[in-house]
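Chemist:
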Amino acid sequence: MTDIGLVVERLRAAGCVFAEEEARLLADAAADAEGLESLVSRRVSGVPLEHLLGWVEFGGLRVVVEPGVFVPRRRTEFLAESAAALAGAGSVVVDLCCGAGAIAAVVAARVPGVRVFAADVDPVAVRCARQTLAGAGAE
Ligand SMILES: C[S@@+](CC[C@H](N)C(=O)[O-])C[C@H]1O[C@@H](n2cnc3c(N)ncnc32)[C@H](O)[C@@H]1O
Numbered sequence: 007m008t009d010i011g012l013v014v015e016r017l018r019a020a021g022c023v024f025a026e027e028e029a030r031l032l033a034d035a036a037a038d039a040e041g042l043e044s045l046v047s048r049r050v051s052g053v054p055l056e057h058l059l060g061w062v063e064f065g066g067l068r069v070v071v072e073p074g075v076f077v078p079r080r081r082t083e084f085l086a087e088s089a090a091a092l093a094g095a096g097s098v099v100v101d102l103c104c105g106a107g108a109i110a111a112v113v114a115a116r117v118p119g120v121r122v123f124a125a126d127v128d129p130v131a132v133r134c135a136r137q138t139l140a141g142a143g144a145e
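Each position in the sequence shown, counted from 1, maps to that position plus 6 in my numbering.
1. Considering only the alpha carbon of each residue, which of Cys134, Glu27, Arg16 and Glu26 lies closest to Glu43?
2. Name, in chain order, the residues that DSSP records as bridge partners for Ala125.
3. Excluding the 5 residues preceding and the 5 following Trp61 in the sequence, name in chain order all residues of the same chain whose CB lies nearer than 8 Å to its CB.
4. Looking at the C-beta of Arg79, does it have a partner C-beta in chain B at a distance below 8 Å?
5. For Phe123, I'd like the list of residues in its chain whose CB is within less than 8 Å of its CB, leaving aside the five on either flank, ordered along the chain.
6. Suppose contacts are defined by Cβ-Cβ distances below 8 Å. Is Ala93 in contact with Val75 by that definition?
7. From this set, Gly65, Thr82, Phe64 and Leu58, which residue's C-alpha is nearest Pro73's C-alpha?
8. Could you tell me if the beta carbon of Thr138 falls within a distance shorter than 7 Å of some heavy atom in ligand 1?
9. Can you give me the C-alpha to C-alpha distance between Gly96 and Gly107, rounded to a whole angstrom?
10. Using alpha carbons as the reference points, say which of Ser51, Gly119 and Ala91 lies closest to Cys22.
11. Which residues in the same chain have their Cβ closer than 6 Å to the Cβ of Ala25, if we skip the five residues on either side of it in sequence?
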């Protein structure tokens with residue numbers, strides 16, 4: 007299956023509202039036609055797009071999300087931006103129950119000189135957060 011139009015049709019039939027965008031993202035993520043078929047089949051069977059891609063965009067950043075980890079929601083961007091607006095150089099910000107680390111990532115990216123710590127009880131979430139926050143100056 008290489009026709010992107012067919013991919014869009016299958017995704018739309020499965021109830022994907024943003025079928026065109028999802029088709030483009032899946033096509034970009036697939037190494038070849040076989041890989042794309044596998045991704046589309048799993049998406050049609052209900053696997054979240056973000057778990058297939060391995061990332062989600064949040065606050066303009068790429069946040070790593072493995073299967074089983076909560077996918078950060080768009081509406082949480084308001085919370086993250088509000089936290090960033092309250093913090094300043096030298097502030098200590100703790101993102102408890104951080105999941106994939108999306109809020110911590112936005113605060114670390116927006117606030118120079120801030121100290122950000124993120125914690126979660128789920129080892130898979132911690133692994134995702136570590137990857138997302140690598141190089142961001144957050145722990
Ligand atoms: C709904 S998710 C939210 C994740 C993140 N804050 C976000 O908005 O994307 C809740 C997270 O809380 C974590 N959690 C639940 N109980 C916890 C606890 N006692 N200590 C640390 N993390 C906990 C879960 O593992 C999960 O990753």
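Even glycine gets a Cβ: it sits at the ideal position worked out from N, Cα and C.
Modeler: A quick look at the data gives this:
1. Residue Arg16 is the option with its Cα nearest to Glu43.
2. Answer is Leu102, bridged to Ala125.
3. The residues Arg68, Val69, Val70 and Val71, in chain order, have a CB closer than 8 Å to that of Trp61 in the same chain once the five nearest residues on each side in sequence are set aside.
4. Absence of chain B from the displayed structure is noted, only one protein chain being present.
5. The beta carbon of Phe123 is closer than 8 Å to those of Val98, Val99, Val100, Asp101, Ala110, Ala144 and Glu145 in its chain, skipping five residues each way along the sequence.
6. The Cβ atoms of Ala93 and Val75 lie no closer than 8 Å to each other.
7. For the residues Gly65, Thr82, Phe64 and Leu58, the minimum Cα distance to Pro73 belongs to Leu58.
8. Every heavy atom of ligand 1 is 7 Å or more from the Cβ of Thr138, so no.
9. Going from the Cα of Gly96 to the Cα of Gly107 covers about 20 Å.
10. Nearest option by C-alpha distance: Ser51.
11. Once the five neighbours on either side are set aside, the close Cβ partners of Ala25 are Val14, Leu17 and Arg18.
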